[in-house]
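Asker:
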Amino acid sequence: MQLHARYEGDDDPEKCTARKLARFDLLALHRSARAVPAGLVLDPHAERALSPADDPDTLIALDCSWETASREAFDLSGPHRALPFLVAANPVNYGHPFELTTAEALAGALYVLGERERARDICSKFRWGHTFLELNAEPLERYAGCEDSMEVVAVQSEYLDAGRDEGQEDGADSTVRENEAAVDERTR
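To convert a position in the sequence shown, counted from 1, into my numbering, add 231.
1) Which of the three DSSP states is assigned to Leu341 in this structure?
2) Less than 7 Å between the beta carbons of Ala340 and Leu273, yes or no?
3) Since Val386 contacts Tyr374 with CB under 8 Å, what's their CB separation in whole angstroms?
4) In this structure, does DSSP put Asp274 in helix, strand or coil?
5) How is Asp352 classed by DSSP in three states: helix, strand or coil?
6) Reducing DSSP to helix, strand and coil, say where His235 ends up.
7) Quickly, what does DSSP pair Asp256 with across the bridge? List them, please.
8) From this set, Asp294, Ala280 and Ala284, which residue's C-alpha is nearest Leu317's C-alpha?
9) Tell me the rounded alpha-carbon separation between Ile353 and Leu331.
10) Give the DSSP bridge partners of Asp294, in chain order.
11) So for Arg262, helix, strand or coil by DSSP?
12) Tell me, please, which residues DSSP counts as bridged to Arg279.
13) What is the DSSP secondary structure of Ala334, reduced to helix, strand or coil?
14) My assumption, with CB atoms under 8 Å, is that Leu371 sits in contact with Tyr342. Please give the rounded CB distance.
15) Just how far apart, CA to CA, sit Arg349 and Arg312?
16) Leaving aside the five residues before and after Ala320 along the sequence, list all residues of the same chain whose C-beta is less than 6 Å from its C-beta, in chain order.
17) May I ask which residues mark the beginning and end of the alpha helix (DSSP H) holding Arg373?
18) Report, in whole angstroms, the separation of the C-beta atoms of Ala249 and Ala292, which I expect to be a contact under 8 Å.
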């Protein structure tokens with residue numbers, strides 16, 4: 232499976248995980264949308280959740296700041312899929328659900344799609360990479376065992392419900408509450 236990233240260049244280049252992965256020849260970086268080949272696009276605004284049934288030849292991520300991650304920014308060719316509930320391990324968004332770096336998004340997607348070793352390889356390039364896999368070990372395994380998007384959404388709902396039942400009052404819980412309606416709507 233080929234990995235590509237559309238690089239917006241609107242965040243700190245020193246912290247850019249897509250640029251680092253490109254330096255290791257783990258993905259191709261594109262500065263224009265026209266240069267990005269058609270493939271499965273990881274898109275937090277997508278209407279369907281990523282599942283093992285997708286099995287793409289090409290996986291595409293958008294590398295941009297979360298402040299500019301509007302629906303329009305993801306205007307790339309190919310089917311769009313949302314990653315299910317995963318928690319960030321990067322130093323900027325540690326513990327926040329859904330707010331992943333490009334590397335975390337690609338690693339999570341690869342894991343769900345059955346490419347565990349490639350996911351580990353991507354994570355190995357970052358000091359916090361192993362933490363991402365550890366924090367998300369159970370959900371990643373469960374998502375990878377699902378048949379389709381509907382089953383992934385059902386598993387994801389268990390994690391969202393568990394977070395709500397615990398009554399967490401930290402930033403991660405408020406992010407979950409803010410995203411719940413959008414997640415339910417886009418992945419049905």
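C-beta: ideal position from N, C-alpha, C; glycine also.
Answerer: The short version:
1) For the purposes of this step, residue 341 is identified with residue 110 of the sequence shown, where counting begins at 1. It is helical.
2) Here residue 340 refers to the residue found at position 109 when the sequence shown is read from its first residue. Here residue 273 refers to the residue found at position 42 when the sequence shown is read from its first residue. With contacts defined by Cβ atoms closer than 7 Å, Ala340 and Leu273 form a contacting pair.
3) The residue given as residue 386 occupies position 155 in the sequence shown. The residue given as residue 374 occupies position 143 in the sequence shown. Their Cβ separation, rounded to whole angstroms, is 6 Å, which keeps Val386 and Tyr374 in contact under 8 Å.
4) Locating residue 274 in the sequence shown gives position 43, where the first residue counts as 1. Three-state DSSP puts Asp274 in coil, outside helix and strand.
5) Counting from one through the sequence shown, the residue named residue 352 turns up at place 121. The answer is helix: DSSP assigns Asp352 an H, G or I state.
6) Position 4 of the sequence shown, counted from the start, is the residue given in the question as residue 235. Strand at His235.
7) One-based indexing of the sequence shown puts residue 256 at position 25. As far as DSSP is concerned, Asp256 takes part in no beta bridge.
8) In the sequence shown, the residue the question calls residue 317 occupies position 86. The option with the nearest alpha carbon to Leu317 is Ala280.
9) The residue given as residue 353 occupies position 122 in the sequence shown. The residue given as residue 331 occupies position 100 in the sequence shown. Straight-line Cα distance between these residues: approximately 14 Å.
10) As a first step, residue 294 is located in the sequence shown; it is residue number 63 there, counting from the start. Per DSSP, Tyr238.
11) Taking the first residue of the sequence shown as position 1, residue 262 is located at position 31. Of the three classes helix, strand and coil, the one that applies to Arg262 here is coil, per DSSP.
12) Within the sequence shown, residue 279 is the residue found at index 48, counting from 1. DSSP, once it has assigned bridges, lists no residue as partnering Arg279.
13) Residue 334 sits at position 103 when you count from the first residue of the sequence shown. It is helical.
14) Numbered from its first residue, the sequence shown carries residue 371 at position 140. Numbered from its first residue, the sequence shown carries residue 342 at position 111. That pair is a contact at about 5 Å.
15) Working through the sequence shown from its first residue, we reach residue 349 at position 118. Working through the sequence shown from its first residue, we reach residue 312 at position 81. Whole-angstrom Cα-Cα distance: 19 Å.
16) Within the sequence shown, residue 320 is the residue found at index 89, counting from 1. Correct list, in chain order: Trp359, Thr362, Phe363 and Leu366.
17) On the sequence shown, position 142 is the one that residue 373 refers to. Arg373 -> alpha helix (DSSP H) spans Ala368 to Ala375.
18) Within the sequence shown, residue 249 is the residue found at index 18, counting from 1. Within the sequence shown, residue 292 is the residue found at index 61, counting from 1. The Cβ separation is near 7 Å, so the contact holds.
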